[in-house]
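Residue numbers (the numbering used here): -16 to 125. Here a beta-carbon is modelled for each residue, glycine too, at the ideal position from N, C-alpha and C. Here the structure is a predicted model, which is why all the values come from computation and not from measurement. Everything on this sheet refers to the single structure shown next.
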Amino acid sequence: MTPHVKLTVTERNGRKCVSTGSPWEPVVGYSRAVREGDFIFVTGTVGVEPDGQFGSTLKAQTRRSLEIIIAAIEALGGKASDVVRTRIYVTDISQWREAAEVHSEYFESIRPATTMVQVAKLIDAAAMVEIEADAVIHHESH
């Protein structure tokens, strides 16, 4: 599992759910990720560091966001190669290459379907990127 990501796995309504303990999860009422059968859905994930702060660059925040996403997928028995779709929301599309370069580090050989769009704001004023991911498990988890 990816280091520096605190995860809790629970079962709710027959589904496996992952929480990262983010301050937004209980307020909004969501899980970081949910596994239903062979499908894993990861909610929009900002690149918040373990200390609650955000990296100073889009690249740093994208990397942290993907670390959290991959850790959540792994906690539910998946792996990065199971990702079939990502959605990337940035607050400044002129910097898209920074997010794209990091996304490519994780997924260049996997090639999931993806979307990148600019949004006006994210949940925290310091957040520059939020990423969602969907995965389909094609292997037995141990």
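- Ranked by Cα distance from residue 34, the first of 118, 117 and -12 is -12.
- The stretch -6 to 24 is shown to contain whole beta strand (DSSP E) runs of 3 or more residues at -2 to 2 and 16 to 19, in chain order.
- Annotation: the continuous alpha helix (DSSP H) that includes residue 85 extends over 79 to 90.
- Cβ neighbours of residue 36 within its own chain (closer than 8 Å, five residues either side excluded): 109.
- Separation of residue 42 and residue 31 (C-alpha to C-alpha, rounded to the nearest whole angstrom) is 13 Å.
- Taking 9 Å as the cut-off, the beta carbon of residue 119 is found closer than this to the beta carbon of residue 22.
- Judged by DSSP secondary structure, residue 113 falls within the beta strand (DSSP E) whose first and last residues are 112 to 119.
- The beta carbon of residue -9 sits closer than 6 Å to those of 2, all from its chain and outside the five residues before and after it, given in chain order.
- About 7 Å separates the beta carbons of residue 66 and residue 90, which is inside the 8 Å limit, making them a contact pair.
- When Cβ pairs closer than 8 Å are counted between the two stretches, the stretch 98 to 108 is seen to touch the stretch 66 to 82, the count reaching three or more.
- Taking the Cα positions, residue 25 is about 13 Å away from residue 60.
- Distances from the CA of residue 68 to each of 80, 27, -7 and 78 were compared; the closest alpha carbon is that of 27.
- Annotation for residue 53: the continuous alpha helix (DSSP H) segment containing it runs 41 to 58.
- Taken atom to atom, the span from the alpha-carbon of residue 81 to that of residue 45 is near 8 Å.
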